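Just below is one structure, and these are the notes that go with it.
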Amino acid sequence: MGESEIIYTIKMIIIGLVQGFTEPIPVSSSGHVMIASEILGLGEQGFTFAILTNTASLLAILYIYRQDIVRLISNSIHYLKTKSHRYKSDFRFVCFIVIGTIPAGVLGILLNDYIAENVSMTTIAAMLFVTGIALWFIRNVKGTKGERDISTKDAFIVGLGQAVALTPGISRSGATIISAMAVGMKQDTALRFAFMLYIPVSLGGVILGFSDFLNEPNKSDLAIPYLSAFIATVLMTYFAMRWFMGIMKNGKLVYFSYYCFIVGTLLFIFF
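In terms of the numbering used here, the sequence shown is residues 146 to 416.
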């Protein structure tokens, strides 16, 4: 591998680390990947690379929530078979995940190409300010709703929040957590519901984009850089998610508000 290939691989690893670190936290991973790509002189990353790194982040989130996922699926199946009350709350939670997935799924199919073609650094900067303001407003919110208290309306509102996050600069995790806390969910419930919503939407994107990945003409040339970025993304997403779970437990979301204001201001000044 020549020097230029080594440098390109290093840049891809950096992009993977940026994706992995920013995916779980409320600062917009897509916006930060665009910023990092611009700084590194890589230009816009292709759809294939986005699918690859998104899959990597998805695997890390699936691993972290593996026990919850197995429990929810198993208990939902048991409820459908037995109608036993002991399994009902998990079945309802799965139903709410489905309801919350619908807005982003529909708008993603309808508007994804339009959004991708009409995003600039100015847009990202503005949306980071929107994210920062929203985080500031909910900084002291202490909800009371647990998983058993979520309603259909709550699930749909959080789903709308996730749909808004299709725009780069609007954090997906931030929009869903903010929406969940705004409808009264406790922080740990908001966090779990937000990332359970992430799984089907992300999985759907992976499935829809898999054919494009298979048809990538330069797969052999990009194998090492892409594999390196994939591994970096998986590892960084895992550690960032664990770190963010601690942040949520301590109620320190306001720090991400400050961060969004700072980065948004820098983008307005330098881009």
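Even glycine gets a Cβ: it sits at the ideal position worked out from N, Cα and C. Predicted, not measured: the structure shown is a model, and the values here were computed from it.
Residue i and residue j closer than 8 angstroms at C-beta
| i | j | result |
| --- | --- | --- |
| F241 | A308 | no |
| T417 | S373 | Since the first residue of the chain shown is 146 and the last is 416, residue 417 is not available in this structure. |
| Y371 | M157 | yes |
| P313 | S173 | yes |
| L203 | S324 | no |
| A377 | G161 | yes |
| V379 | A201 | yes |
| L185 | I159 | yes |
| G291 | K331 | yes |
| G342 | L252 | It should be noted that the sequence gives Leu, not Gly, for residue 342. Cβ atoms of L342 and L252: not closer than 8 angstroms. |
| G409 | L273 | yes |
| M266 | F416 | yes |
Cβ separation of residue i and residue j, assumed to be a contact under 8 angstroms, to the nearest whole Å
| i | j | result |
| --- | --- | --- |
| I322 | T276 | Not a contact, Cβ separation roughly 11 angstroms. |
| I206 | T382 | 7 angstroms |
| L336 | M393 | 5 angstroms |
| I302 | V328 | 5 angstroms |
| V243 | L217 | Not really, about 11 angstroms apart at Cβ, beyond 8 angstroms. |
| F375 | L187 | That belief does not hold up - the Cβ atoms of F375 and L187 are roughly 16 angstroms apart, past 8 angstroms. |
| Y210 | F340 | 6 angstroms |
| I170 | F338 | So it is not a contact: roughly 17 angstroms between Cβ atoms. |
| A270 | L412 | 4 angstroms |
Three-state secondary structure assigned by DSSP to residue i
| i | result |
| --- | --- |
| K156 | helix |
| K397 | coil |
| K287 | coil |
| K228 | coil |
| E168 | coil |
| F274 | helix |
| L135 | The chain is shown from 146 up to 416; residue 135 falls before or after that span and cannot be answered. |
| F194 | helix |
| S402 | helix |
| Y210 | coil |
| F416 | coil |
| V215 | helix |
| I295 | coil |
| V123 | Because the chain is modelled from 146 through 416, residue 123 falls outside the range shown and cannot be assessed. |
Local Cβ density within 10 Å of residue i, reported as buried at 16 or more and exposed below that
| i | result |
| --- | --- |
| N220 | buried |
| T297 | exposed |
| Y232 | buried |
| T429 | A query on residue 429 cannot be resolved here, the shown segment of the chain reaching from 146 to 416 and no further. |
| L225 | exposed |
| G306 | buried |
| I283 | buried |
| H177 | buried |
| I254 | exposed |
| Q212 | exposed |
| G304 | buried |
| I407 | exposed |
| A320 | buried |
| V163 | buried |
As an exercise, report each continuous beta strand (DSSP E) stretch of at least 3 residues that is fully enclosed by the segment 301-377, in chain order. For the segment 301-377, not a single whole beta strand (DSSP E) run of length 3 or above is found.
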